[in-house]
Amino acid sequence: MPPLPEPLRICAVCPNPCRSALGATAGPPESRLPSAMAYLCYAIAHGHLPPRADVVRSLRDLDAVRVCQERCVYGYRIADDIAAFTAGLSVEASDAA
Ligand code: SF4
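Numbering-wise, the sequence shown is residues 772 to 868 according to my numbering.
Structural data, given as structure tokens:
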């Protein structure tokens, strides 16, 4: 298991103030915003969630994270941290078809 980058620990419990970067449109689902994506990484790193292929695939959809991180109140590059973490995972087969 790769180490969890420290910014992901903070981001996982942050209420997404950076979502303002997406503007007033409906935007991506909540599950693609930085905090939700960081929490998935946290859950995997702590053994609460296996690194299934479907989960890891969702963690590679970083378009919304890249937009939001431009307004990260901590100045984190969360998309890079998520990409680095998932690159080191041994992915398990999904139960989903
Ligand atoms: S990217 Fe920054 S501002 Fe946005 S949820 Fe994560 S820690 Fe909070």
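Cβ atoms here follow ideal geometry from the backbone N, Cα and C, with glycine treated the same way.
Proximity winner among the options, relative to residue i (alpha-carbon distances)
i    : options                   : result
M808 : I853, G798, P822 and G859 : I853
E801 : E777, V862, D825 and S829 : S829
R831 : E777, L811 and A797       : L811
Three-state secondary structure assigned by DSSP to residue i
i    : result
R823 : strand
G794 : coil
A783 : coil
Y845 : coil
P800 : coil
R831 : coil
Identity of the residues DSSP links to residue i by a beta bridge
i    : result
E863 : R823
Same chain, Cβ closer than 8 Å to residue i, neighbours up to 5 away in sequence not counted
i    : result
V793 : In the sequence under discussion, the amino acid at residue 793 is Leu, which differs from the Val named in the question. Cβ within range, chain order: P799, A835, V838 and C839.
E863 : P821, P822, R823 and A824
L833 : M808, A850, I853 and A854
S879 : There is simply no residue 879 to check, as the chain begins at 772 and stops at 868 in what is shown.
Beta-carbon proximity list for residue i, same chain, < 6 Å, skipping 5 on both sides
i    : result
P773 : F856 and G859
V844 : P788
A816 : L775
Own chain, CB closer than 7 Å to residue i, minus 5 neighbours either side, in chain order
i    : result
Y813 : L775, L779, R780 and A783
R790 : L804 and C839
R842 : C789, S791 and A792
Exercise for the section: Take every Cβ of the stretch 843 to 853, pair it with every Cβ of the stretch 778 to 797, and state whether three or more of those distances are shorter than 8 Å. Expected result: Result yes; three or more Cβ-Cβ pairs closer than 8 Å.
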